[in-house]
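Novice: Attaching a single structure in structure tokens format; questions to follow.
Written out as structure tokens, the structure reads:
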């Protein structure tokens, strides 16, 4: 989900003329109906009176403040320059050779850019929010365009046991990607209502696991649980809240991971951590934030706070910052989420992974990428980069043998 852009599922939405709705692109998906809609209306998280799913904590989805002031900031020339990289983003050319050998520790993570992550966990493979399209938009000619190529073609990814979708905004649910995966035999785990989109795009109903918050599905020996998030939904210019948004917990026999999807900060992270954590890895949204929509996206500082909440208040496990670097969706500088997360991790004494897109890593290994790779291709901020550069991968807590902070097995 982005800021100003309607195409990316952003807060600025307008109603379609009813007569034109039948002409909309297939990428808009399908509205829930029949038994699916009846199940939605029975959900404890759905308000029949409001006709919409409700957040665990109140959240304003539309931008707050002056639209004119926002436009001045968003379209100011010097701001536009900083919202993109100044050079070519380094991309690890992920190959089957990278992924063919099982991870030594049983868990390997590959950030593909934005919120797309491949998690290899206890012999199984889970793909979160896969977006391989050039634009997060229902159209091929308009909408936010990716700032770097995908690390590898989707066909070269190899078999995937489960595809997990956090919500139906275009930068998380991409029709061409889903259509390509629909023929692979994988199972799709999605929040309530999102299955309507996937069925329209060719995913058989028997390969859908459509879940409400706190519901779980068993897939290939893994437990996939939909957990609360503070966000909103919608793919059309008309935005009925008939599809749910979620964060996700995936637990195997030995390891467990968390993917935040899109969310504002809320106290529920502590509850998720208490029930399902601690986690070997948390994948936490730290980009596309703005003071104009503070309730539905987290800043890097809030993302680190969420990570600590999920880990029981201690800097355990590893945090992977997601939802940044690939699309320009908010007014902040392109490199700011990375810098902010690096500073927040140092302040909290937390371990983070900072891979460039496509770079696999094993949590707990000595070579977890931790250098600020973006500094070589970003517009240098006023005053320059912080003096304390990180030039070498650092050891994680697991290497020190500290039982209080080592990743959870």
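Numbering (our numbering), first residue to last: 561 to 969.
We treat Cβ as the ideally placed atom computed from N, Cα and C, and that holds for glycine.
By DSSP, does residue 819 sit in helix, in strand, or in coil?
Specialist: strand
Novice: Could you check the C-alpha separation between residue 896 and residue 707 for me, to the nearest Å?
Specialist: 15 Å
Novice: In the DSSP assignment, find the beta strand (DSSP E) that holds residue 811 and state where it starts and stops.
Specialist: 807-811
Novice: Just to check, is the beta-carbon of residue 913 closer than 8 Å to a non-hydrogen atom of the ligand GDP?
Specialist: The ligand GDP is not part of the structure shown, which contains no ligands of any sort.
Novice: Can you list, in chain order, the residues of its chain whose CB lies under 6 Å from that of residue 899, leaving out five sequence neighbours each side?
Specialist: none
Novice: Just to check my reading of the structure: residue 804 and residue 613 have Cβ atoms closer than 8 Å, yes? What is that Cβ distance to the nearest angstrom?
Specialist: 5 Å
Novice: Pick from 939, 827, 880: whose alpha carbon is nearest that of residue 928?
Specialist: 880
Novice: Runs of 4 residues minimum, wholly inside the region 641-724: which ones carry the alpha helix (DSSP H) assignment?
Specialist: 656-660
Novice: Determine the extent of the beta strand (DSSP E) in which residue 879 is found, giving its start and end residues.
Specialist: Residue 879: member of the beta strand (DSSP E) spanning 878-882, first to last residue.
Novice: Would you identify the three-state DSSP class for residue 922, choosing helix, strand or coil?
Specialist: coil
Novice: Between residue 587 and the rest of its own chain, which residues show a CB-CB distance below 7 Å, the 5 nearest in sequence each way excluded?
Specialist: 698, 735
Novice: Which residue or residues does DSSP assign as beta-bridge partners of residue 784?
Specialist: 777, 810
Novice: Tell me where the beta strand (DSSP E) around residue 531 begins and ends.
Specialist: The shown model of the chain, from 561 to 969, leaves out residue 531, and the question about it has no answer.
Novice: Taking only beta-carbon atoms, is residue 929 less than 9 Å away from chain B?
Specialist: Although the question refers to chain B, the structure presented lacks it and comprises just one protein chain.
Novice: What residue does the beta strand (DSSP E) around residue 749 start on, and which one ends it?
Specialist: 747-751
Novice: With H, G and I counted as helix, E and B as strand and the rest as coil, what does DSSP make of residue 572?
Specialist: At residue 572 the pLDDT is 38, less than 50, meaning the model places this residue with poor confidence and gives no usable figure here.
Novice: May I ask you to list the residues that DSSP assigns as paired with residue 612?
Specialist: DSSP lists 607 as the bridge partner or partners of residue 612.
Novice: Helix, strand or coil: how does DSSP classify residue 856 here?
Specialist: coil
Novice: Roughly how many angstroms lie between the CA atoms of residue 581 and residue 796, to the nearest whole one?
Specialist: Summary for residue 581: the model assigns pLDDT 49, below 50, so the residue's position carries little reliability; its value from the coordinates is reported in the next sentence. Rounded to whole angstroms, residue 581 to residue 796 spans 9 Å at the Cα level.
Novice: In whole angstroms, give me the CA-to-CA distance for residue 942 and residue 889.
Specialist: 22 Å
Novice: Which residues bound the beta strand (DSSP E) around residue 842?
Specialist: 841-845
Novice: According to the neighbour-count rule (16 or more other Cβ atoms, all chains shown, within 10 Å of its Cβ), is residue 745 buried or exposed?
Specialist: exposed
Novice: Within this structure, are the beta carbons of residue 756 and residue 592 separated by less than 9 Å?
Specialist: yes
Novice: Mark residue 801 as exposed unless 16 or more other C-beta atoms lie within 10 angstroms of its C-beta, in which case mark it buried.
Specialist: buried
Novice: Counting pairs of beta carbons, one from the region 836-846 and one from the region 814-824, are three or more of them closer than 8 Å?
Specialist: yes
Novice: So, under 8 Å CB-CB, residue 523 and residue 912 are touching, yes? Tell me the CB distance rounded to an integer number of Å.
Specialist: As shown, the chain starts at 561 and ends at 969. That puts residue 523 outside it, with no answer to give.
Novice: How big is the Cα-Cα spacing for residue 595 and residue 601?
Specialist: 10 Å
Novice: Can you give me the C-alpha to C-alpha distance between residue 679 and residue 878, rounded to a whole angstrom?
Specialist: 14 Å
Novice: Could you name the residues that DSSP lists as bridge partners for residue 738?
Specialist: Its beta-bridge partners do not exist; DSSP assigns none.
Novice: Would you tell me roughly how many angstroms separate the C-alpha atoms of residue 573 and residue 621, rounded to the nearest one?
Specialist: Legend: pLDDT at residue 573 = 37, less than 50; position of this residue unreliable, value from coordinates given subsequently. Their Cα atoms are separated by approximately 10 Å.
Novice: Are the beta-carbon atoms of residue 810 and residue 722 separated by less than 9 Å?
Specialist: yes
Novice: Roughly how many angstroms separate the alpha carbons of residue 683 and residue 608, rounded to a whole number?
Specialist: 42 Å
Novice: Give the DSSP bridge partners of residue 600, in chain order.
Specialist: Residue 600 is not bridged to any residue.
Novice: Quick check: residue 645 and residue 939, are their CB atoms within less than 9 Å of each other?
Specialist: yes
Novice: From the DSSP output, read off the bridge partner residues of residue 912.
Specialist: Under DSSP, residue 912 shares a beta bridge with 879.
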